[in-house]
Amino acid sequence: MKKHLVVALAYDRLCTFEFGCTVELFALERPELGVDWYDFAVCAVEEGPIRAAGGITVQAPYRPELLALADTIIIPGWRDADELPPPPLLAWIRAAHARGARLCSICSGVFVLAAAGVLDGQRATTHWRYAERLAQRHPRIEVQPDHLYVDNGQVITAAGSAAGLDMLLHLVRRDHGARIGNQVAQRLVVAPHREGGQAQFLPRPMAQGEQGRLSKLMDWLRSHPAQQHTVASMAERAAMSPRTLQRQFQQATGLGPVEWLIRERVAIVKEMLEEPDVPLAQIAERAGFGSEESLRHHFRRLAATTPGAYRKRFVLT
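For the sequence shown, full-length UniProt numbering begins at 1 and goes up steadily by one.
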């Protein structure tokens, strides 16, 4: 079975940070993970020189013909949201979509996918500065302006800069499971998992003391998932009122504390399901769901599959 080929697009005025995140995730060999890692290539979609932000010049070794072989294509940020991408690029994107390739954009890269028509009728996100422009220019797209990333299955879009890294780690988890995704995140020294629905930015900056208390509470909850937690008990531990806790969670994550905790528990379940001999009842207890029925309900709701199907796909052998 051939390796999964990830191709990053390169063009003049390339967004260096988003491009660098893509290279860091997929270009490095990772033999220590024990999985069949990706093949990676950079494809120039126009004639050079390809100038990148920061005065860097990129020399891409491959031409657009390689896109016909790509399993995943990543658009690391289009150079100008008001500039229509070249027609040949849009044709290559449409052809890749038609044959089932996975298409991903970071930040303003969504305008390439939108111009190609592959997002019509679907949800998408971009950097909050571009969200209104995207919605006005492409009314057939359901723009999610607050999301870190939106996964439609074949087409995945991410918000600006660091949210692209969240999306790329999400792809690794999709392909190789929660355990491998967490290991890669550890090597990058970043949070192992941020849900795509979390907010891009805080509507009102939290005071330093509030932010510190909330961060400590989140770390504690991750370390004690099996305990029963209520809004009242979480607020007491964070030395906040329940109302303040609700507001701070919503501002920091886009979720209420209970829903955030459920999603953290599902992430724990995913990793435990990759161990073949741990019974589901034990997983439910250790993750804090209490019963298999509760685990199955929330897992299907958030992972769009069953625990059994997930284990069959990612179980360690």
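In this text, a Cβ means the ideal position worked out from N, Cα and C, and glycines have one as well.
As the crow flies, the alpha-carbon of E285 is around 57 Å from that of G48. Judged by DSSP secondary structure, S294 falls within the alpha helix (DSSP H) whose first and last residues are E292 to A303.
Counting of Cβ neighbours within 10 angstroms places G181 among the buried residues, the total reaching 16 or more. In the structure shown, T57 falls within a strand segment according to DSSP collapsed to helix, strand and coil. The beta carbon of F26 lies closer than 6 Å to those of V6, Y38 and F40 in the same chain, with the five residues before and after it left out.
Spatial neighbours of Y11 in its own chain (CB-CB distance under 6 Å, excluding positions within 5 residues in sequence) are listed in chain order as V45 and E46. The alpha-carbon of G100 is positioned some 24 Å away from that of A60. R133 carries a helical assignment under DSSP once its states are collapsed to helix, strand and coil. Exposed is the label assigned to T230, since fewer than 16 other Cβ atoms lie within 10 Å of its Cβ. In this structure, the CA atom of E65 is about 12 Å from the CA atom of V42. For R63, there is no enclosing alpha helix (DSSP H), since its DSSP letter is neither H nor E. Each residue's CA atom was taken as its position, placing G34 and P145 some 37 Å apart. According to DSSP, residue pairing for V42 in a beta bridge involves A8.
When DSSP states are grouped into helix, strand and coil, V112 belongs to the helix group. Per DSSP, the continuous beta strand (DSSP E) segment holding A52 begins and ends at I50 to A52.
Counting along the chain, V172 sits inside the alpha helix (DSSP H) bounded by residues A162 to H176. Within the model, the alpha-carbon separation for A304 versus R174 is close to 12 Å. In the structure shown, E274 falls within a coil segment according to DSSP collapsed to helix, strand and coil.
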